[in-house]
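Here the structure comes first, spelled out in structure tokens, and everything after it is commentary.
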């Protein structure tokens, strides 16, 4: 507790005044009373002086005169301590913390914020408490400690909303938006920024308005909407040039420079970067200097001036390491690694890229599943650069380890957190021996693809014997169109249509279809055909990446027109390590009283709204799915749940009580809950009037504990979802996380008749006990293609996970 000299003097004078009044010494009373009044006037004068100094310090801070601001704030603090102005002490400690934060001295800033917080809490100053929570959150945000930052921002927001502190609410909403932007969750970030902007404009907070306009510009920049980004940056720049805040002006100039850089207008970009650098150096802003030096390095890097680029990157790295800017350090280390690769100094590249990866993985620690997914999308380029550096050194096995390390990481940690949480402290970095062991346990040839750039595709084949083969494909020489476009056109050639609510029939051009499917075969299969098993019952597990998740591997055709499914038994998985986890799930004990099967087909379809404010759309009836469900139910000697019997509330508890789950209904790709987990299965609505009543979402499935050996989603597009660096985020991911070792999903909507035939054939084959799931699915495809030769009718389904 602070007790000032002024407080002690005041107490002493009051004590003397009482003493002389009691003893009747009136002259003494008058003298002491005058002294008391003079002391009070002096205290007020000193308080006014401290307030003046604080205002002066704020002006110096805004002009980027950080050392001068520190000295001024310290003078104010000394006066406030002397006169016992505890509220003022708290405010000035906050101001000093802001200066240290801007200088990159985060531990000193945090120390002052903690002192300010203690005072605010002692004197019940909720406004000061909210401000300090926000400032502490900003420190953790700058250090890349995003969960902790969000925790403090939420504390600040709760207080500010209680006290109707609109200035504080605007600042905190902006800061929360910044966190989600750094995590790559741009729609969520934009929502917070728009809320902050509206408040800041309403209350006339010009400085705050400029900051938020700048942040919105960065969102559009990240989405490559450069003209829109430039519009927001120019608005922000005009505000800061008007109010005279060079620190923020420098950041905006940097951002404008990056727009021109992205448009390959390198001289113009350099001009803006140089303006920004001059400002940041003049005001002593190390964070801004580090960012700008890195950007100038990038400008030279893109023009092939690698030595010049390296010089700027090294300067940026030294500053970013000094101030503890971990995210910036990771970016610059990646850039240095890439330049060393361009200079063919691959060992140096490897060293820097390893350091960058270590930083990325430390930053992801403690984040939520969705945040890990989104932040990885902003970091995966480092794993690709690392593979290139390793392959150039003939370290192809180590490159495979990095390829695995850089995929499905959030998925793997999500499964472990649900089923084996005590292992969460371990590092899940799989090594070559473990990869070989998984291939042996699966008794399969595992094929992993890695798209390392728009011109290079790497392929590894890990055989069950432990032998590892590597192939590198030059995409520029192999293709005359981008890989993603080839995948899309191959699907279109099959006649793939849209989602459940949009029926789009395509005319199939047989020649075009064969050409596209043979192109994909030539690219993805021909380079490894000689090392794939000759026995068609032997398993081949494909580990795709990016757009390759949408490839119908079963339908790829060789030069003789033979489909891949005719030669191999095919499975897929998002990562080799996921295969190990699904294997463990298959071996776990299950309740003895499970029902043989839960079969659902053609429930009474709900109305769905994919976007707030849009009118609900009625999903179409699936008469064929009902027939399919009844046929499947007969195989398992049970009754299918159809129409109104398939109410979500009724089906939900049964999901954990079945050994096999078969859902013949619509699958949808949208993120209905806005939680970043797209995908839903349509069940019958309960009629409670809730939005999207009847949809079983991927996020709800995550919360289930499933005991099923197999889940079949016989619905359109159930194998699709949002493709990220972590794999496909959708229904299959949620089902495996919930405990299912094997999932069959579709890559597009299949016509009713062939779907019913394929599914009944699959279950009959599997039930006989001679074939495992993958072999049974292969035989069902071969049987179905005899009656329905178009791949659209039989090639959509893929088995993810365990074959047995």
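Numbering (the UniProt record's numbering), first residue to last: 1 to 804. Each residue gets a CB set at the ideal place from its N, CA and C atoms; glycine is no exception.
Specify the secondary structure class of residue i as computed by DSSP and reduced to three states.
i	result
residue 22	Reliability fails at residue 22, whose pLDDT of 49 lies under 50, so the model's placement of it is uncertain and no value is given.
residue 794	coil
residue 601	strand
residue 674	With a pLDDT of 47 at residue 674, under the threshold of 50, the modelled position of that residue is not reliable, and the figure given next carries that caveat. Coil at residue 674, not helix or strand.
residue 733	helix
residue 573	coil
residue 158	helix
residue 750	coil
residue 324	coil
residue 305	coil
residue 133	helix
residue 283	helix
residue 800	strand
residue 316	helix
residue 364	helix
residue 479	coil
residue 264	coil
residue 659	strand
residue 665	coil
residue 231	helix
residue 789	coil
residue 163	coil
residue 333	helix
residue 465	coil
residue 596	strand
residue 144	coil
residue 430	coil
residue 709	coil
residue 271	helix
residue 175	helix
Assuming residue i and residue j make a contact with CB atoms under 8 Å, what is their CB distance in whole Å?
i	j	result
residue 684	residue 646	5 Å
residue 317	residue 296	The Cβ separation is near 13 Å, so there is no contact.
residue 403	residue 450	4 Å
residue 139	residue 186	Incorrect: roughly 24 Å between the Cβ atoms, too far for contact.
residue 324	residue 104	7 Å
residue 310	residue 354	Actually they are not in contact, since the Cβ atoms of residue 310 and residue 354 sit about 18 Å apart, beyond 8 Å.
residue 89	residue 77	6 Å
residue 528	residue 444	The pair is not a contact, with the Cβ atoms about 14 Å apart (cut-off 8 Å).
residue 400	residue 433	That belief does not hold up - the Cβ atoms of residue 400 and residue 433 are roughly 12 Å apart, past 8 Å.
residue 804	residue 586	7 Å
residue 744	residue 668	The Cβ separation is near 18 Å, so there is no contact.
residue 704	residue 656	6 Å
Looking only at DSSP bridge pairs, what is residue i linked to?
i	result
residue 448	460 and 543
residue 256	Answer by DSSP bridge pairing: none, since residue 256 is not bridged.
residue 474	456
residue 618	607
residue 583	In DSSP, residue 583 forms no bridge with anything.
residue 714	Bridge partners of residue 714: none, in fact.
residue 742	801
residue 684	647
residue 557	563
residue 697	680
Do the stretch 640-652 and the stretch 622-630 touch if we need at least three Cβ pairs shorter than 8 Å? yes
Using 8 Å as the Cβ pair cut-off and three pairs as the minimum, do the stretch 786-797 and the stretch 570-581 touch? no
If you scan the stretch 484-551 from start to end, which runs of the alpha helix (DSSP H) of 4 or more residues do you find wholly inside it? The qualifying runs are 510-524.
Please list the segments of the alpha helix (DSSP H) lying wholly inside the stretch 384-418, counting only runs of 4 or more residues, in order along the chain. If only uninterrupted alpha helix (DSSP H) runs of at least 4 residues are considered, those enclosed by the stretch 384-418 are 396-405.
Would you call the stretch 128-144 in contact with the stretch 98-116, where contact means no fewer than 3 C-beta pairs closer than 8 Å? yes
Taking contact to mean at least 3 C-beta pairs separated by less than 8 Å, is the stretch 283-294 in contact with the stretch 249-269? The stretch 283-294 is in contact with the stretch 249-269.
Counting Cβ pairs closer than 8 Å, one from the stretch 480-488 and one from the stretch 434-448, do we hit at least three? Taking one beta carbon from each stretch, the stretch 480-488 and the stretch 434-448 have fewer than 3 pairs nearer than 8 Å; the two do not touch.
List, from N- to C-terminal side, the beta strand (DSSP E) runs of 3 residues or more that fit wholly inside the stretch 626-657. 641-643
What alpha helix (DSSP H) runs, 4 residues minimum, are completely inside the stretch 754-787? 773-787
Does the pairing of the stretch 515-530 with the stretch 763-777 give three or more beta-carbon distances under 8 Å? Result no; under three Cβ-Cβ pairs closer than 8 Å.
Please specify which runs of the alpha helix (DSSP H), each continuous and at least 4 residues long, are wholly inside the stretch 80-123, giving them in chain order. 86-102 and 106-122
Any chance the stretch 560-577 sits against the stretch 524-537, with 3 or more Cβ pairs inside 8 Å? Segments in contact, yes.
Stretch-stretch touch, CB-based, cutoff 8 Å, three pairs: the stretch 201-218 with the stretch 168-181: Yes, the stretch 201-218 is in contact with the stretch 168-181.
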